[in-house]
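Heads up: the sequence shown begins at 53 in our numbering, then just goes up one per residue.
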Amino acid sequence: MKALLLTAPNTLNLTEVEKPQVSKGKVLVKMAFAPVNPSDLSFLTGNYGLKKEMPVVPGLEGSGIVVEAGSGFLAKRLLGKRVACAAPNTGNGTWAQFMLTDATKCVPLKEKVSLEQGSMLFVNPLTALAFIDKAKKNKADLIVMNAGGSALAAMVMELAKTIGITFLSIVRSAEGVKKLSEKCLVIDSGSVDFESELNAIGKKYNRAIFFDAVGGGDIPFRILNFLPERSTMVIYGRLSLEKAILESGIMIFKNYFIEGFWLAKELANKSILRALLDTRKVQKLLSQGYETNIAHTLPIESFLDGIKEYQQNMSAGKVLLKL
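Structural data, given as structure tokens:
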């Protein structure tokens, strides 16, 4: 079977590998689509939290049809079904024509959910639900996100509207502001008025929760500095490889809170029932039109073009690999 094989950090090639054999509790998925996520890019460079022995097939999530099932009730129940699937914690991922994974990492797709949208059921939607839960637990009346043009930000924005929490998108261009100005509060971090605009917004709210995708340089803490006292910054990405610049004074005098977020750990701490309920909630949202924008769908042979396109313009939408 064809597969993308990572043999060393940043060394990815299309090659032929053996089709895996099923075993107890496992299913073989004939893959249809797999997205390129920021977490996948981190995995390719060796900077992701989950380390796997190389050579290995990357890809954290995808969709397809279960064509073989090992012994066990859950595995047998999935045979022949269209599923969203996540890669196992060890072994190969979704960027191949077939993937062997745990039956517990597959979710049957509802009829109204396409394989394209189903391939993105795990990472962004479950992260968005977790962010909304955190906002509610923190009693935030303002959600702030940088990388505001991303697919994840769009999903969080729509969910925030349903519970009456104001959403502030921080983008990096005037074009980004134009795209979002009718949907939410939005400001350009490159504007000369950035800090004054952020300060004016921050003063109107009691407590904010700021989801930071950048993770480096001075921008994250410049943003935090203009948010209400006792606000929380949740670092979930590392788009910048610069060291983070922290002004300790703002932590002392404004009593901010900082925490990290990694979806894999978040899911590991949930019961199987809660995880199942979350995935059902996601499918309901997808069937109601809360879809992720897809910029391009490319064959696996064009993987280099797909990765390059996504790296250069993440806000344009997701790039899917057709497997």
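Heads up, the beta-carbon is just placed ideally off N, CA and C, and yes, glycines get one too.
Residue i versus residue j: straight-line alpha-carbon distance, rounded
i: Ala155; j: Asn144; result: 15 angstroms
i: Val175; j: Leu181; result: 10 angstroms
i: Met83; j: Lys133; result: 12 angstroms
i: Asp264; j: Met207; result: 15 angstroms
i: Ser300; j: Asn307; result: 10 angstroms
i: Ile117; j: Asn62; result: 30 angstroms
i: Leu80; j: Ala121; result: 6 angstroms
i: Ile253; j: Val119; result: 53 angstroms
i: Gly341; j: Ala320; result: 28 angstroms
i: Val238; j: Ala212; result: 15 angstroms
i: Gly268; j: Gln363; result: 17 angstroms
i: Lys360; j: Glu294; result: 21 angstroms
i: Leu43; j: Thr344; result: Since the displayed the chain opens at 53 and closes at 375, residue 43 lies outside it and no answer follows.
i: Lys256; j: Val266; result: 25 angstroms
i: Lys186; j: Glu210; result: 16 angstroms
i: Ser323; j: Arg129; result: 20 angstroms
i: Phe125; j: Leu204; result: 34 angstroms
i: Phe313; j: Ser75; result: 33 angstroms
i: Asn365; j: Thr349; result: 15 angstroms
i: Asn100; j: Asp270; result: The sequence shown places Tyr at residue 100, rather than the Asn named in the question. Whole-angstrom Cα-Cα distance: 22 angstroms.
Buried or exposed by the 16-neighbour rule on C-beta atoms within 10 Å, applied to residue i
i: Lys370; result: buried
i: Asn251; result: exposed
i: Ser123; result: exposed
i: Pro110; result: buried
i: Gln335; result: buried
i: Asn89; result: buried
i: Phe183; result: buried
i: Gly242; result: exposed
i: Gly228; result: buried
i: Leu161; result: buried
Sub-8 angstroms separation of residue i and residue j beta-carbons
i: Arg274; j: Glu249; result: no
i: Ile352; j: Leu375; result: yes
i: Ala127; j: Lys78; result: yes
i: Ser171; j: Ser115; result: yes
i: Leu220; j: Ile261; result: no
i: Thr284; j: Asn198; result: no
i: Ala226; j: Asp245; result: no
i: Lys201; j: Ser367; result: The amino acid at residue 201 is misidentified as Lys; the sequence shows Gly. Result yes, Cβ atoms of Gly201 and Ser367 sit closer than 8 angstroms.
i: Glu168; j: Phe85; result: yes
i: Asn258; j: Asp193; result: yes
i: Leu58; j: Leu96; result: yes
i: Thr146; j: Leu112; result: yes
i: Leu276; j: Ile304; result: no
i: Thr331; j: Val165; result: no
i: Ile215; j: Lys188; result: yes
i: Leu372; j: Thr179; result: no
i: Leu56; j: Phe355; result: yes
i: Pro272; j: Ala296; result: yes
i: Glu311; j: Val286; result: yes
i: Leu52; j: Lys54; result: Coverage of the chain is limited to positions 53 through 375, which leaves residue 52 absent and any answer about it impossible.
Counterpart residues of residue i in DSSP-defined beta bridges
i: Glu68; result: Lys54
i: Asp154; result: Lys78
i: Gly378; result: Here the chain comprises residues numbered 53 to 375, so residue 378 is not present and cannot be evaluated.
i: Val159; result: Ala136
i: Val109; result: Val109 is not bridged to any residue.
i: Phe263; result: Met197, Val286
i: Val238; result: Ser221
Taking one C-beta from the stretch 147-167 and one from the stretch 67-77 each time, how about it: are there three or more such pairs within less than 8 angstroms? yes
Contact between the stretch 95-106 and the stretch 130-137 is defined here as three or more beta-carbon pairs at a separation below 8 angstroms; is this criterion met? no
Do the stretch 206-223 and the stretch 280-300 meet, that is, are 3 or more Cβ pairs less than 8 angstroms apart? no
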